[in-house]
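Comments concern the structure below.
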Amino acid sequence: RHRFHTASGHFTFSALHCFELWLALWWHHFFLLWITIDGQTRYSIPEELKQGSVVGNLAKDLGLGLSDIYDRNLRVASEAGEQYFSVDAGKGELVVNDRIDREALCGQSISCVLPLQIVLENPLHLHRIEVEIKDINDNSPRFQTKETSLKIAESAAVGTRFVLESAEDSDVGSNSVKSYTLTKNDCFTLKMKEVEDGKTVPELVLEKPLDRERRAVHQLLLTALDGGNPVMSGTSQITITVLDINDNFPVFDKNVYKVSLQENGSKGTFVTKISATDADEGPNGEVEYSFSSRTPDSILSVFEINSLTGEVHLKGDLDYETATSYKIEITAKDKGVPEMESHCRLQIDVVDINDNTPEIVLTSEPQPVREDAPSGTVVALLNARDADSGNNSKVLLKLPKGSPFLLKPSFSNNYALVTTGPLDRERFSEYNIEITATDSGSPPLSSKKTIPVSITDVNDNPPVFTQPSYNVYLKENGVPGSILYSVSASDLDFGENAKISYSILDSKVQDVSVSSYVYINSDNGSIYSMHSFDYEKVKVFQIQVQAKDQGSPSLSSNATVHVFILDQNDNAPAVIYPSSAALGSLSHQRMPRSAKAGHLVTKVTAVDADSGHNAWISYRLAEATDASLFTVNLYTGEVRTKRAVSEQDDSSQRLLIEIKDDGEPVQSSTVTVSILLEDGLHEPILDLRQKSSEPSRKNGRITLYLIVSLASVSVLSLLTFLILAVKCIRNSRSSGSCCMRRSDCDDYKNPNRNLQIQLNTDGPIKYVEVLGGDMLSQSQSFRSCMSPMSEYSDFTLIKPSSTTDFKEVISVLDASLPDSTWTFESQQVNGYCEPMKRGTVQRDLLPPPCSLSALSVCIARSWVRGSDALVGVKIYFNLWFWYEAILDLCFGLMLFDNGW
1 RHRFHTASGH FTFSALHCFE LWLALWWHHF FLLWITIDGQ TRYSIPEELK QGSVVGNLAK
61 DLGLGLSDIY DRNLRVASEA GEQYFSVDAG KGELVVNDRI DREALCGQSI SCVLPLQIVL
121 ENPLHLHRIE VEIKDINDNS PRFQTKETSL KIAESAAVGT RFVLESAEDS DVGSNSVKSY
181 TLTKNDCFTL KMKEVEDGKT VPELVLEKPL DRERRAVHQL LLTALDGGNP VMSGTSQITI
241 TVLDINDNFP VFDKNVYKVS LQENGSKGTF VTKISATDAD EGPNGEVEYS FSSRTPDSIL
301 SVFEINSLTG EVHLKGDLDY ETATSYKIEI TAKDKGVPEM ESHCRLQIDV VDINDNTPEI
361 VLTSEPQPVR EDAPSGTVVA LLNARDADSG NNSKVLLKLP KGSPFLLKPS FSNNYALVTT
421 GPLDRERFSE YNIEITATDS GSPPLSSKKT IPVSITDVND NPPVFTQPSY NVYLKENGVP
481 GSILYSVSAS DLDFGENAKI SYSILDSKVQ DVSVSSYVYI NSDNGSIYSM HSFDYEKVKV
541 FQIQVQAKDQ GSPSLSSNAT VHVFILDQND NAPAVIYPSS AALGSLSHQR MPRSAKAGHL
601 VTKVTAVDAD SGHNAWISYR LAEATDASLF TVNLYTGEVR TKRAVSEQDD SSQRLLIEIK
661 DDGEPVQSST VTVSILLEDG LHEPILDLRQ KSSEPSRKNG RITLYLIVSL ASVSVLSLLT
721 FLILAVKCIR NSRSSGSCCM RRSDCDDYKN PNRNLQIQLN TDGPIKYVEV LGGDMLSQSQ
781 SFRSCMSPMS EYSDFTLIKP SSTTDFKEVI SVLDASLPDS TWTFESQQVN GYCEPMKRGT
841 VQRDLLPPPC SLSALSVCIA RSWVRGSDAL VGVKIYFNLW FWYEAILDLC FGLMLFDNGW
């Protein structure tokens, strides 16, 4: 409510509140506009809109759907600090969130624009919009002082001007102060004087001479009017006192003083000196200086003036960011009666210095990044600010070297933190990115901000077993359900991607699925047996274990578990000869009474299904009708007479022969042999050992046969070695070593290269197979066959067969050879194989098959030299084959010559 003074009286104006609602609606319909400039959206709204008023349809203007507001978490970030706006998620409209006072935001600036940042996530995106705040006439003109006193000498000349206080209006443009009015009087009129910056100040002009005696005091009312609609006004009371004459005013050197001062000036700093002179003499010529009575407190707290000298000093702190310039009105008064005063203006421009460190502000919080995120993925949005101006406000951001991230500038010191290359969570699960902001001032100032970025896991690492293959040695006849072995795998990934489950891949063991033998705990990798194993049925088998993680897609890896069944002495010796005893009945034999000592009566042969020591068999005469008449060979089972048969001996002899193995515990069986002594019975079998020791007329012919056979073998051996020598010389031309290429040496360092030895102990025939070389050299393999019914060995060529690893089989052979004398050391040096003797058993008592099989394996173990070594093994076995054939031929001729 304002009261105006007119010539006719006074009237009261109270229409402002009535227009408030109308004004808001008017601005809403005519100034609610938006435009897009250089990719930016701008809205224009009047100030003082009510909370909830619509600024514009943000979703439509940015091309977004209503669902994007929820899904992408649309939000508004204001660079001004206060959150004046928000988004109506249901309509996609930008609405007013708080009271907006243009004068508080922009002061006297003509243009008032609020920059806003619209942040969208998933993926991160930033839009910049501007909201222009239009001024409304919500502030009336206001004088600093409601009452002004002037002292004017009555001798003042007509036309003298007196500067009056200007009114201030917080509004701008047409809503600011436009005119002044003065109440009607006889002596004074109001004129406007234009000063700098296009502003005008009111001046009181003396129109008629003053007469103090007629009127000593004049009361005038100065009214300031703005250009708004409706017009708003402010008043100031002017009291004029008419004084006696003091006819000279102080005169300043300059009407306007301009000074520049750095904002870091300390208190007490000299600013400038104001000087004025008065032509009067005495007290009328003494000048005192002061700030105008209308000087605001914000200036009085920063500057002070010496009333006698006119020197202006700094009293408080300057801050360029708060005020860039000060305009001060200074008054010079004399001491005359009446006082005469003059006015001048002091303009102090504050010079900016680099006293503010740059600031890094996160526009959006950093989002977790997948380790397989492509290059250029936006991680976070940020803004660099510096409160200084000019070069001091230019900010440069830097990242540490080697960081897999990059700052990508967008606009107005806004940056996007993006990835520059592949990430690996297994190496770094989180990055603490230190960003350094440095301004361009002198000296430059900097600040740092650390942004944590977490890397989310992707299933990119398969499980890895502790070793690619495992060897398990298991005794036969174990308890079903017992644990065989525990495999373990690890995964470098995290969470579900690192959870591992174990399974057994389907494979066949003797045409039966391996899952019927074993099962595995899917959680810890423990392998359990489903039933007991029998060495005589299954000696070795493989299990393919798969470790699979829980990622999507899941990754897996396999490992091989070699299960070797260790033999236990669970089989008693079985008699295979005599055949009637093998069938469980009594064996009947006949023998002449004329038999001498050492006569071979019969031979008991037994086999043991076990292996190694458990299969070593010994024979013993447990009971006999006459123990002094017969003896049983401990190792061969031959039943011979110990002495010549006498007439007193019973014609029917009964022998109980015990057959034992060498296992723990000992397993045994017995066979009963009934022998009938008869007179006049021709001996069907002559002792070969005795026969061969008798002189023969055909020794010379046998010697000839032996010489021919030895010469033939020597010639074959010489040809073989010559062929090998020629081949070695050809190969050595390119390698520099004889009989062994460099690649062969490398292969020999890895003795597992396709070379295999297989021991077969099924049935009464026991044999060793030697396999090796590349695929082309595996067209045949060599088998050493030993029959307990023969004293000689036969070599047979058979088809290739697959077995377990050569190195592991050799270690099993050391404990499983069907030989009572020969064993192999587990540790061999340079392929050397040394036969060992067990106990007191003599070598000459052993049958040749045992010695030959041991020698064959020794040669196979010491001659392994890649693919060429297999050729040598084959040639060696061929030589032995021909040598055996020639010896058999010679032996047959010898028997023929002797009449057999």
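Using the UniProt record's numbering, the letters of the sequence shown correspond one by one to residues 1 to 900.
Ideal Cβ positions, reconstructed from N, Cα and C, are used throughout, including at glycine.
Note that this is a predicted model, so its numbers are computed, not measured.
Report the residue ranges of all alpha helix (DSSP H) runs contained in full by the UniProt domain "Cadherin" (253-360); include only those spanning at least 4 residues, in chain order.
-> With a minimum length of 4 residues, the continuous alpha helix (DSSP H) runs that stay inside the UniProt domain "Cadherin" (253-360) are 297-300.
Along the chain, where does the beta strand (DSSP E) that runs through Leu-66 open and close?
-> In the sequence shown, residue 66 corresponds to position 66, counting from 1. Here Leu-66 belongs to no beta strand (DSSP E); instead the alpha helix (DSSP H) covers 66-71.
Just reading off the alpha helix (DSSP H) that Lys-60 is part of, what are its end residues?
-> As a working note, residue 60 is residue 60 in the sequence shown. First-last of the alpha helix (DSSP H) with Lys-60: 58-62.
The alpha helix (DSSP H) enclosing Arg-102, as first and last residue numbers | As a position in the sequence shown, residue 102 is number 102, starting the count at 1. Residue range 102-106 is occupied by the alpha helix (DSSP H) that includes Arg-102.
Take Val-545 as the anchor and find which of Val-673, Tyr-528 and Glu-339 has the nearest alpha-carbon.
-> Taking the first residue of the sequence shown as 1, we reach residue 545 at position 545. Of the candidates Val-673, Tyr-528 and Glu-339, the one whose C-alpha sits nearest the C-alpha of Val-545 is Tyr-528.
Below 7 Å CB to CB, which residues in the same chain sit around Leu-210 once its five sequence neighbours on both sides are set aside?
-> Translated into the one-based positions of the sequence shown, residue 210 becomes position 210. Here the set comprises Ile-152, Glu-154, Ala-156, Cys-187 and Val-242.
What whole-angstrom Cβ distance do Thr-605 and Gln-589 have, given they're in contact under 8 Å?
-> Here the question's residue 605 lines up with position 605 in the sequence shown. Here the question's residue 589 lines up with position 589 in the sequence shown. That pair is no contact at about 14 Å.
Where Asn-391 falls, given that 16 or more other Cβ within 10 Å makes a residue buried | If you number the sequence shown from 1, residue 391 lands on position 391. If you draw a 10 Å sphere on the C-beta of Asn-391, you find fewer than 16 other C-beta atoms in it, and that means exposed.
Status (buried if at least 16 other CB within 10 Å, exposed otherwise) for Tyr-320 = Sequence index remark: in the sequence shown, residue 320 carries index 320 (1-based). Buried, since its Cβ has 16 or more Cβ neighbours within 10 Å.
Does DSSP put Asp-661 in a helix, a strand or coil?
-> In the sequence shown, counting from the first residue as 1, residue 661 sits at position 661. Looking at Asp-661 - three-state DSSP - the assignment turns out to be strand.
Residues near Asp-679 by beta carbon distance below 6 Å, same chain, minus five either side = Walking along the sequence shown from the start, residue 679 turns up at place 679. Apart from the 5 residues on each side of it in sequence, Asp-679 sits with its Cβ closer than 6 Å to the Cβ of Arg-593 in its chain, given in chain order.
Can you give me the start and stop residues for the beta strand (DSSP E) that Ala-606 sits inside?
-> Within the sequence shown, numbered from 1, the residue matching residue 606 stands at position 606. Note, Ala-606: beta strand (DSSP E), 605-607.
Assumed close pair Val-76, Leu-116 - CB separation to whole angstroms, cut-off 8 Å = Here residue 76 refers to the residue found at position 76 when the sequence shown is read from its first residue. Here residue 116 refers to the residue found at position 116 when the sequence shown is read from its first residue. Their Cβ separation, rounded to whole angstroms, is 6 Å, which keeps Val-76 and Leu-116 in contact under 8 Å.
Is DSSP giving Phe-85 helix, strand or coil here?
-> Position 85 of the sequence shown, counting from 1, holds the residue named residue 85. Strand at Phe-85.
What number of angstroms, rounded off, separates the C-alpha of Thr-703 from the C-alpha of Cys-728?
-> As a position in the sequence shown, residue 703 is number 703, starting the count at 1. As a position in the sequence shown, residue 728 is number 728, starting the count at 1. For Thr-703 and Cys-728, the distance between alpha carbons rounds to 37 Å.
Distance CB(Ala-332)-CB(Asn-356) smaller than 9 Å = Here residue 332 refers to the residue found at position 332 when the sequence shown is read from its first residue. Here residue 356 refers to the residue found at position 356 when the sequence shown is read from its first residue. Not closer than 9 Å, so no.
Kindly identify the DSSP beta-bridge partner or partners of Val-512.
-> Looking up residue 512 in the sequence shown gives position 512. Val-509.
Are there 16 or more other CB atoms within 10 angstroms of the CB of Ile-504, so buried, or fewer, so exposed?
-> Residue 504 sits at position 504 when you count from the first residue of the sequence shown. Burial call: buried.
For Pro-123, the nearest candidate out of Ala-224, Val-378, Gly-92 and Ser-674 (CA to CA) | Counted from its first residue, the sequence shown places residue 123 at position 123. The option with the nearest alpha carbon to Pro-123 is Val-378.
Enumerate in chain order the residues of its own chain whose CB-to-CB distance from Val-369 is below 8 Å, with the five nearest sequence positions on each side excluded.
-> Residue mapping note: residue 369 aligns to position 369 of the sequence shown, counting from 1. Closer than 8 Å at Cβ, skipping near neighbours: Thr-377, Val-379, Thr-419, Leu-423, Val-453, Ser-454, Ile-455 and Thr-456.
For Lys-191, the residue or residues it bridges with in DSSP | The sequence position of residue 191 within the sequence shown is 191, counting from 1. In the DSSP output, where bridge partners are listed per residue, Lys-191 has Glu-203.
Near Glu-808, which residues of its chain fall below 6 Å by C-beta distance, leaving aside the five closest residues on each side in sequence?
-> To locate residue 808, count along the sequence shown from 1; it is residue 808. Note on Glu-808: pLDDT 44, under 50, position unreliable in the model; the coordinate value appears next. Contacts found: none.
Span of the beta strand (DSSP E), counted from its first residue to its last, around Ile-129 | What you label residue 129 is simply residue 129 of the sequence shown in a count that begins at 1. Element bounds for Ile-129: 125-134.
Is the region 543-560 close to the region 573-582, with three or more CB pairs under 8 Å?
-> no
Beta strand (DSSP E) containing Gln-648: first to last residue?
-> Position 648 of the sequence shown, counted from the first residue, corresponds to residue 648. Unbroken run through Gln-648: none, as it is neither H nor E.
With distances taken Cα to Cα, identify the nearest neighbour of Asp-278 among Tyr-289, Leu-182, Val-271 and Phe-303.
-> Position 278 of the sequence shown holds residue 278. Of Tyr-289, Leu-182, Val-271 and Phe-303, the residue nearest in Cα terms is Tyr-289.
DSSP state of Asn-614, grouped into three classes?
-> Your numbering for residue 614 matches position 614 in the sequence shown. Asn-614: helix per DSSP, three-state reduction.
How about Ile-45 and Val-131: do their beta carbons lie closer than 9 Å?
-> If you number the sequence shown from 1, residue 45 lands on position 45. If you number the sequence shown from 1, residue 131 lands on position 131. Yes, the Cβ-Cβ distance between Ile-45 and Val-131 is below 9 Å.
To the nearest angstrom, report how far apart Ser-429 and Leu-382 are at their CA atoms.
-> Mapped onto the sequence shown, residue 429 falls at position 429. Mapped onto the sequence shown, residue 382 falls at position 382. Rounded to whole angstroms, Ser-429 to Leu-382 spans 22 Å at the Cα level.
With DSSP run on the structure shown, which of helix, strand or coil describes Asn-383?
-> Stepping through the sequence shown from its first residue, residue 383 is reached at position 383. It is a strand residue.
Can you tell which of His-125, Glu-79 and Val-96 has its C-alpha closest to the C-alpha of Leu-64?
-> By one-based count along the sequence shown, residue 64 stands at place 64. Looking at the Cα atoms, His-125 is the closest of the given residues.
Less than 8 Å between the CB atoms is what I'm expecting for Asn-137 and Asn-255, so what's the real figure, rounded?
-> Taking the first residue of the sequence shown as 1, we reach residue 137 at position 137. Taking the first residue of the sequence shown as 1, we reach residue 255 at position 255. That belief does not hold up - the Cβ atoms of Asn-137 and Asn-255 are roughly 33 Å apart, past 8 Å.
Which residues mark the beginning and the end of the beta strand (DSSP E) in which Tyr-431 is found?
-> The residue labelled residue 431 in the question sits at position 431 within the sequence shown. Unbroken beta strand (DSSP E) run through Tyr-431: 430-439.
How would you call Ile-657, buried or exposed, if buried means at least 16 neighbouring beta carbons within 10 angstroms?
-> In the sequence shown, counting from the first residue as 1, residue 657 sits at position 657. So Ile-657 ends up on the buried side.
Report yes or no: do three or more beta-carbon pairs, one from the region 175-185 and one from the region 259-277, lie closer than 8 Å?
-> no
Give the secondary structure of Val-671 by DSSP, where H, G and I count as helix, E and B as strand, and everything else as coil.
-> In the sequence shown, the residue the question calls residue 671 occupies position 671. Looking at Val-671 - three-state DSSP - the assignment turns out to be strand.
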